[in-house]
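Quick note on numbering: the sequence shown equals residues 775 to 1163 in my numbering. Let me begin by presenting the structure, written as structure tokens, before commenting on it.
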Amino acid sequence: MTLPELISETFTQKFGRDCDLLIRSSGRINIIGEHTDYNDGFVLPAAIDKYIYFAVGKNGTDSCRFWANDIEEADEVDLDDIQSSDQLWANYLFGILEQFQQMGVSLEGIDVVFGGNLPIGSGMSSSAAMEVGFATALKHLFGVEIQKPEIAKLAQRSSHQFIGVPCGIMDQFASVMGKKDRVIRLDCRSLEYDYIPFYLEDYQVVMINSKVSHSLASSEYGTRVKECQSGVAILQQHYPDVKSLRDVSLEQLEKHQEDMPEVIYKRCHYVVAENERLLRACDALEKGDIAQLGQLLNETHDGLRYEYEVSAPEVDFLVEFAQQFPGVAGSRIMGGGFGGCSINLVKKDRVAAFKTAVLQAYQDQYSILGEAYEVAAVDGTRPAAVSVN
Ligand code: GAF
């Protein structure tokens, strides 16, 4: 049975009728440009072929019932009184309902079944895929006129307001705006974007899931946001036009190293350098220079590990192993950090050997069974047919 069949059939079994609509939502990878989005910088993500499907249908009541198929948990919420749930996954959905209500949409009760093959908590944006997937379902079900970039912004607001995570726009934007065989070069200040052909010659993107997710992740994320803001406040004393780290050059930053605490300098240095690296990475991609692209990924990992300090020992191990493995052009931790996946550019004829070797070494070192996924860039969140996977 295909995934869409599974999700729509589960809907039928649970709720005793067929669903009205099926939505396919994608996870995302980010080639380079990590922790730059909330600094008004650039990112280079793509929607990928790891999905969450939503089967939805109106139920004629004022309440919404949810079934999370992968973890077999249910939840329910009254549309007149949307309160936080004890279950985090439910809050990603409740927050979207609240956003639609704030837009003045008059919602009716619905039933929802969702699930898929996008690993949860692995840095591939399962939460953003849930948010934009559910928002896309509501758009179609209630005939709401809302464009895709607005869906991304609405989902980001929901993360800020309902979940309390001050995330950037990258994940939601990539999930909903992704295009087959393209990466998105997104300016997170203006939300202007273009699509860059994503052809890696004889290389393949391979994700290695460490299966660890350290609990520091959300509190440290907020701390990084604040650290960057305090760096900006110091720089503004010298450069009044600076609004965010996006506006700062390495030269300007280095000149004022002594004016800021060491930790703030390190955070700012990483972000400013990462923005510059991204522009060089786009060049490398356009020229088909995968060796150069890989080298930039390696540099990003060092920055995330030593300057931004958002890596994790388990992922450092995976990355160090990969960087030394013949046929790997580059490797780094991907996403918010503190666990999750590494992203690796691997020669196609070395993929099988790499996956076996890295997972074995990881298991020997940490007694954890990691997972490897070969991923491709696909079209982002959209209505789906039951018969197509
Ligand atoms: C998380 C956030 F949600 C994104 O907005 C982004 O900041 C990313 O971490 C780091 O690049 O996925």
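Quick reminder that beta carbons are idealized off the backbone N, C-alpha and C, glycines included.
For the 8 Å CB-CB criterion, residue 1093 and residue 977 do not form a contact.
Nearest neighbour of residue 839 by Cα position, chosen from 1006, 801, 883, 821, turns out to be 883. In this structure, residue 785 sits away from residue 906, with a CB-CB distance that is not shorter than 8 Å.
For residue 1151 against residue 954, the beta-carbon gap comes to about 6 Å, under 8 Å, which counts as contact. With the criterion CB distance below 5 Å from any heavy atom of the ligand GAF, the matching residues run 808, 809, 811, 941, 942, 944, 945, 1109, 1110 along the chain.
Judged by their CB atoms, residue 830 and residue 793 are nearer to each other than the 8 Å cut-off. Rounded to the nearest angstrom, the gap between the Cα atoms of residue 975 and residue 1062 is 7 Å. Comparing alpha carbon positions, the residue from 868, 817, 1073, 932 closest to residue 967 is 817. A Cβ-Cβ separation of about 6 Å places residue 1041 in contact with residue 1005 under the 8 Å criterion.
The beta-carbon separation of residue 806 and residue 963, rounded to 18 Å, does not stay under the 8 Å limit for a contact. Residue 1156 and residue 930 have their C-alpha atoms spaced approximately 18 Å apart. Secondary structure at residue 951: helix, using DSSP grouped into helix, strand and coil. Between residue 1117 and residue 803, the C-beta gap is smaller than 8 Å, which places the two residues in contact.
Cβ contact annotation for residue 1122 (same chain, cutoff 6 Å, sequence separation greater than five): 976, 978, in chain order. Take the alpha-carbon of residue 1066 and the one of residue 808: they are about 18 Å apart.
Taking the Cα of residue 836 as reference, the smallest distance to any Cα among 800, 853, 849 is reached at 853.
Taking the Cα of residue 1145 as reference, the smallest distance to any Cα among 1153, 904, 1154, 1114 is reached at 1114. Counting of Cβ neighbours within 10 angstroms places residue 945 among the buried residues, the total reaching 16 or more. In this model, residue 821 and residue 885 are separated by some 26 Å (Cα to Cα). Assigned with DSSP and collapsed to three states, residue 983 falls in strand. Per DSSP, the continuous alpha helix (DSSP H) segment holding residue 1087 begins and ends at 1087-1098. The three-state reading of DSSP puts residue 1027 in helix, counting H, G and I together. When C-beta atoms of the stretch 931-938 are compared with those of the stretch 861-876, three or more pairs fall below 8 Å, so the two segments count as touching. For residue 1043, same chain residues with a beta-carbon under 7 Å away, outside a window of 5 residues either side, are 1027, 1081 in chain order. Residue 822: member of the beta strand (DSSP E) spanning 819-832, first to last residue.
Residue 858 is positioned such that its CB atom lies no closer than 8 Å to that of residue 903.
The Cβ atoms of residue 1070 and residue 1104 lie closer than 8 Å to each other. Per DSSP, the unbroken alpha helix (DSSP H) holding residue 865 starts and ends at 862-876. When secondary structure is reduced to three states using DSSP, residue 844 falls in the coil class, being assigned neither helix nor strand. The alpha-carbon separation between residue 1048 and residue 810 amounts to approximately 7 Å. Taking 8 Å as the cut-off, the beta carbon of residue 900 is found no closer than this to the beta carbon of residue 983. In terms of Cβ geometry, residue 796 and residue 1158 form a close pair [threshold 8 Å].
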